[in-house]
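Student: With the numbering used here applied, the sequence shown covers 125 to 644.
Ideal placement from N, C-alpha and C gives every residue a C-beta, glycine not left out.
This structure is a prediction, so every number in the text was calculated from the model and none was measured.
Take this structure, written in C-alpha cells, and hold onto it; I'll ask about it next.
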Amino acid sequence: MNLITCFAVAAAVISSGVLIFIIIKKKSGSRLIINAKREADEIKKRAQEETEKAKREVALQEKEKFLNLKANFEKQTRGRQHKLNETERRLVQKEEKLDGRIQGLEGKEREFANKESRLFSREKEISNKEKKQDELRNRTILELERIAGLSKEEAKLEIKKKIEDEAKLEAVQIVRRIEEQAREKGHLVAKDIISQAIQRSAAEHVVETTVSVVDLPTDDMKGRIIGREGRNIRALEMATGVDIIVDDTPEAVILSSFDPIRREMARLAIEKLVVDGRIHPARIEEVVETVKVELEEKIKQEGEALVLELRIPDIHPELIKHLGKLKYRTSYGQNVLQHSKEVAFLSALMARELGVNVNVAMRAGLLHDIGKAVDREVEGTHTELSVSLAKKYGEKEAVWQAIASHHRDIEFPSVEAVLVQSADTLSAARPGARRELLEAYVKRLEKLEEVANSHEGVAKAFALQAGREIRVIVESKKISDEKATLVAKDIARKIKDELDYPGHIKVTVIREMRAVEYAR
125 MNLITCFAVA
135 AAVISSGVLI
145 FIIIKKKSGS
155 RLIINAKREA
165 DEIKKRAQEE
175 TEKAKREVAL
185 QEKEKFLNLK
195 ANFEKQTRGR
205 QHKLNETERR
215 LVQKEEKLDG
225 RIQGLEGKER
235 EFANKESRLF
245 SREKEISNKE
255 KKQDELRNRT
265 ILELERIAGL
275 SKEEAKLEIK
285 KKIEDEAKLE
295 AVQIVRRIEE
305 QAREKGHLVA
315 KDIISQAIQR
325 SAAEHVVETT
335 VSVVDLPTDD
345 MKGRIIGREG
355 RNIRALEMAT
365 GVDIIVDDTP
375 EAVILSSFDP
385 IRREMARLAI
395 EKLVVDGRIH
405 PARIEEVVET
415 VKVELEEKIK
425 QEGEALVLEL
435 RIPDIHPELI
445 KHLGKLKYRT
455 SYGQNVLQHS
465 KEVAFLSALM
475 ARELGVNVNV
485 AMRAGLLHDI
495 GKAVDREVEG
505 THTELSVSLA
515 KKYGEKEAVW
525 QAIASHHRDI
535 EFPSVEAVLV
545 QSADTLSAAR
555 PGARRELLEA
565 YVKRLEKLEE
575 VANSHEGVAK
585 AFALQAGREI
595 RVIVESKKIS
605 DEKATLVAKD
615 IARKIKDELD
625 YPGHIKVTVI
635 REMRAVEYAR
C-alpha cells in the first residue's frame, strides 16, 4: 500500500468522524459531542497508526525491489564480463595465428621473389635462343627457296594442293568401295523389282496420235462439204473452231487446230454428216451439238474405264473427266492417257514389292500429268496444275506431294514419290516412247559432247545410243585411274545442271595406257 492510499484512508476516516460528530451534535447534544470527540480522536489515532504502518510496508516493498534489481544487474554484469573475457581470449588466439601466417607469407614472398628472378633470367635466355632460331629458320627458308626455286607461299600452295588431291583420291576410293558394296546388294534387288514390274505391266506400247485427216467416200463429197459459196464449210469451221483444208488430196479433207478435242469433234461431225447425207448449215449446227454431247460422254467413259481397270476407288468425277481428256493429248508423240496408266501400274507394282502404300503410289502415278488436260486453258506448268487439281478435288497430301516432286521440283517427301518419279522415267525413256524434233535432237547431242569435251584431260567424247550414253576417252598421262571416277562424277553433274533430257544418261570414262616402242 503506498502513501496516496494511506492518505486517502485517513481522509475518509476523518470525513466519517466529522460526519458522525455533526450527527451526534444534532441528535444528542453536548453529551454526545464529547463522546464523538473521543471516538474521533480514537479513529484519528488508529488512522495515524495505519498510515505509519502503510508507510513502513511501502518502504519495505521499495527496498525489496531495489535489492532484486541490484541482484539482477550484478548477475547480468557478471555474464557480460564472462563473454568479454571469452571474446578477448579468442582475439588473442587469432592474433597469434595471424602473426604466424604473416611470417609464413613473408617467407613465401621471399621465395617467390627468388623464383621470379630466376624465371626472368630464364625468359631472357629463351628469348635470345628464339631470336637465334628465327634467324636460323629464315636463313634455312631462304636457302630452301633458292634451291627449290619456289617462294614460301608457292610451296604452301603446292603442299596444300598435293594434300587436297591425296584427300580427294582417298575419298574417291572410300566412296567407290562403299558404292560397290551397296551396288552388290542393292543393284540385283532393284533390278529384280523393276524388271518384274515391267514384265507384269500389260500396257500397250503403241503410240496413238490424234487423227487430222478425214476419209471421204468420193471426191464429190468435197463439194457438198464446201457447199454453195462455201456456206457449209464456213458453218463447220464456226461450229467446231477447226480449220478445214480441202486440197488435192484424193477422197480426204484435212483438219487443222491446236486443240485435239476440237479436231476429234470436227472429225466425228463430218463422218456423221457424210453418212447422213444432209449437209447444210442448220443440220451442221445440230450435228455438232449432238457430237459435242457424245464426245463429252465418251471422254467421261474413257476416264471411268481407266479408273475401273486400275481399280482405284473414290476418284472425283471432275478428275475422271480430265483423265478422259488426256486420251486426246500427246507429249513428244506419247499418248498422255496411256502414259498415265503405265506410270500408275508401274508405281503400284513397285510399291507392292517394297511394302509401301500401294494406293498412294497408284493414285499419284495416275494423276501426275492430269494438269496437261487443262494446260492450254490455264496458266502454269503441268506439274503446278496437277497439284492444284489434286488439292481442289480432295486428294490426300501424300498424293499431291508425290505429284509435285515427280520432276524433282521439290525434294522427295516419301518412298511413294520416288516410285512415281521412277515409273514416269521408265514409261517415258523406253525406246520409241517419245519423239523429238530432229533439230532439237541434234543440238542436244552436240551439247552433250561439248559438255564432256570441256573437262580438263578429256581427249575425245562420243554420244551413243541416241544420246542416252556418253563415252569419254581421257589422256592417261593427265588422268589417273582414281581421278577417272572423279571425272565421270563431274561430267554427270555438269550434264544434269546444264541439259534437259528424258530418263538418264550414262557417262563412261575410258582411260587406256599404251606403251609403244620400236625395234630398229
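With a threshold of 16 other CB atoms inside 10 Å of the CB of residue 215, please say whether the residue is buried or exposed.
Tutor: exposed
Student: Tell me whether residue 262 is buried or exposed, calling it buried when 16 or more other Cβ atoms sit within 10 Å of its Cβ.
Tutor: exposed
Student: Can you give the Cα-Cα distance for residue 463 and residue 293, rounded to whole angstroms?
Tutor: Using only the alpha carbons, I get a separation of about 44 Å.
Student: Which residues does DSSP list as the beta-bridge partners of residue 595?
Tutor: When DSSP reads this structure, residue 595 sits in a beta bridge with 586 and 632.
Student: Could you say which of 521, 508, 518 and 516 lies nearest to residue 532 if we only look at CA atoms?
Tutor: 508
Student: For the 8 Å Cβ check, are there 3 or more pairs between the stretch 424-431 and the stretch 396-410?
Tutor: Judged by Cβ distances under 8 Å, the stretch 424-431 makes no contact with the stretch 396-410, as fewer than three pairs qualify.
Student: Would you identify the three-state DSSP class for residue 414, choosing helix, strand or coil?
Tutor: helix
Student: At 4 residues or longer, what runs of the alpha helix (DSSP H) sit wholly inside the stretch 345-398?
Tutor: 355-364
Student: Relative to the alpha-carbon of residue 528, which residue among 542, 517 and 251 has its alpha-carbon at the smallest distance?
Tutor: The option with the nearest alpha carbon to residue 528 is 542.
Student: Check whether the stretch 406-415 touches the stretch 355-364, taking contact to mean three or more Cβ pairs, one atom from each stretch, closer than 8 Å.
Tutor: yes
Student: Can you have a look at residue 634 and say buried or exposed, based on whether 16 or more other CB atoms are within 10 angstroms of its CB?
Tutor: So residue 634 counts as exposed.
Student: Could you please give the first and the last residue of the uninterrupted alpha helix (DSSP H) stretch that includes residue 611?
Tutor: 605-622
Student: Is it the case that the stretch 496-503 contacts the stretch 435-452, given that we only count it when at least three CB pairs across the two stretches are under 8 Å?
Tutor: yes
Student: Less than 8 Å between the beta carbons of residue 540 and residue 468, yes or no?
Tutor: no
Student: Quick check: what's the CA-CA separation for residue 534 versus residue 524?
Tutor: Each residue's Cα considered, the two are about 12 Å apart.
Student: Assign residue 459 to one of three DSSP states: helix, strand, or coil.
Tutor: strand
Student: With 16 as the cutoff for other CB atoms within 10 Å, does residue 169 come out buried or exposed?
Tutor: exposed
Student: Mapping DSSP to helix, strand and coil, what is residue 216?
Tutor: helix
Student: Give me the DSSP bridge partner(s) of residue 339.
Tutor: Answer is 376, bridged to residue 339.
Student: Out of 177, 189, 392 and 530, which has the shortest C-alpha to C-alpha gap to residue 552?
Tutor: 530
Student: Would you mind sorting residue 431 into buried or exposed? The rule is 16 or more other CB atoms within 10 Å of its CB.
Tutor: buried
Student: Can you tell me where the alpha helix (DSSP H) with residue 482 in it begins and where it stops?
Tutor: Start and end: 482-491.
Student: If we count the other Cβ atoms within 10 Å of its Cβ and call it buried at 16 or more, is residue 235 buried or exposed?
Tutor: Residue 235 counts as exposed, since fewer than 16 other C-beta atoms from the protein chains shown sit within 10 angstroms of its C-beta.
Student: Rounding to the nearest angstrom, what Cα-Cα distance links residue 174 and residue 207 in this structure?
Tutor: 50 Å
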